[in-house]
Amino acid sequence: NHLLSPSIARYIASCQTFEGGFGAEPFNEAHGGYTFCALAALRILDSVSMIDAEQLRSWLSRRQMHFEGGFSGRTNKLVDGCYSFWQGGAVAVLDGWYNEMNGGNKKLGGENEGLSFDEVMLQRYILLCAQDVNGGLRDKPSKGRDFYHSCYNLSGLSVAQHALCSWPPTSCDTRSDDEKTNSLFGDREFNILGRTDPVLNIRVERARAAVNFF
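The sequence shown begins at 880 in my numbering and counts up one residue at a time.
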């Protein structure tokens, strides 16, 4: 299958920058959106080992802003709600890969095993700063709501709320919904979202069904 050619993974890996993130092509600036897409593709291709994962983790860790709690997309840029998923999801994908390398099917999440970013601070930013009082979500306060930012703020909120398994998803996860959540910000009854697979950004039961079918 030419779509699984090793040259694809090699090209993706060549887009990693000196900072650790990924650009749109070799020698571009590292950017959160391209970083997620590159890492998720490498995860699907089982080729994450081709990149400098420690440098990537370092770059991702510097994208969550200490005061706001949200993520920026590039070095020296402001927080933007859409990077709740592009950066937060990339952290989840990378954490899942590290977890698999270090212990097989040990699950991430829960009170003592969170993702390697501050999940509660990210939830706080999304719910208090990115959420428009009239509905929908946005880049940041003073910006307008739109479908794009609504989608990726919610996607990032799901990643921040839920415990994660190694990828690809299987039917091995038998824990109840209450056991699948990380620390939550605010009211559990009203704030909790459905659990998504961070590599594919779809509901985890749909991801499992697709993997099992193919």
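Glycine residues also receive a C-beta, built at the ideal position from the N, C-alpha and C atoms.
Original post:
By how many angstroms is the C-alpha of D974 removed from the C-alpha of G1035?
Top reply: Within the sequence shown, residue 1035 is the residue found at index 156, counting from 1. Within the sequence shown, residue 974 is the residue found at index 95, counting from 1. Approximately 15 Å between the Cα atoms of the pair.
**OP:** Identify the continuous alpha helix (DSSP H) that holds N1080 and give its terminal residues.
**Re:** As a working mapping, residue 1080 is identified with position 201 in the sequence shown. Careful: N1080 lies outside any alpha helix (DSSP H) and carries neither H nor E.
Original post:
Quick one: what's got a C-beta closer than 6 Å to F1064's C-beta in the same chain, skipping five residues either side?
Top reply: Start at 1 with the first residue of the sequence shown, and residue 1064 comes out as number 185. Same-chain partners within the cutoff: V999, Q1002 and R1003.
Subject >> Beta-carbon proximity check, L994 vs V958, cutoff 8 Å >> reply: As a position in the sequence shown, residue 994 is number 115, starting the count at 1. As a position in the sequence shown, residue 958 is number 79, starting the count at 1. The answer is no: Cβ separation not under 8 Å.
Original post:
So, are the CB atoms of S937 and G912 less than 8 Å apart?
Top reply: Translated into the one-based positions of the sequence shown, residue 937 becomes position 58. Translated into the one-based positions of the sequence shown, residue 912 becomes position 33. The answer is no: Cβ separation not under 8 Å.
**OP:** Please classify R1085: is it buried, with 16 or more other beta-carbons within 10 angstroms of its beta-carbon, or exposed?
**Re:** As a position in the sequence shown, residue 1085 is number 206, starting the count at 1. Burial call: exposed.
Original post:
Is it buried or exposed for P905, if we count other Cβ within 10 angstroms and need 16 for buried?
Top reply: Counted from its first residue, the sequence shown places residue 905 at position 26. Result: exposed.
Original post:
Rounded to a whole number of angstroms, what is the C-alpha to C-alpha distance between L918 and G968?
Top reply: Numbered from its first residue, the sequence shown carries residue 918 at position 39. Numbered from its first residue, the sequence shown carries residue 968 at position 89. Answer to the nearest angstrom: the Cα atoms are 10 Å apart.
Subject >> Inside the segment 911 to 957 only - alpha helix (DSSP H) runs reaching at least 4 residues >> reply: 911 to 923 and 932 to 940
Original post:
If you draw a straight line from the C-alpha of E908 to the C-alpha of F901, how long is it?
Top reply: Position 29 of the sequence shown, counted from the first residue, corresponds to residue 908. Position 22 of the sequence shown, counted from the first residue, corresponds to residue 901. Their Cα atoms are separated by approximately 7 Å.
Original post:
Hey, is I1005's beta-carbon within less than 8 Å of any beta-carbon in chain D?
Top reply: The displayed structure is made up of one protein chain only, and chain D is not part of it.
Subject >> Separation of L1033 from D925, as counted between CA atoms >> reply: On the sequence shown, residue 925 is found 46 positions in, with the first residue counted as 1. On the sequence shown, residue 1033 is found 154 positions in, with the first residue counted as 1. For D925 and L1033, the distance between alpha carbons rounds to 27 Å.
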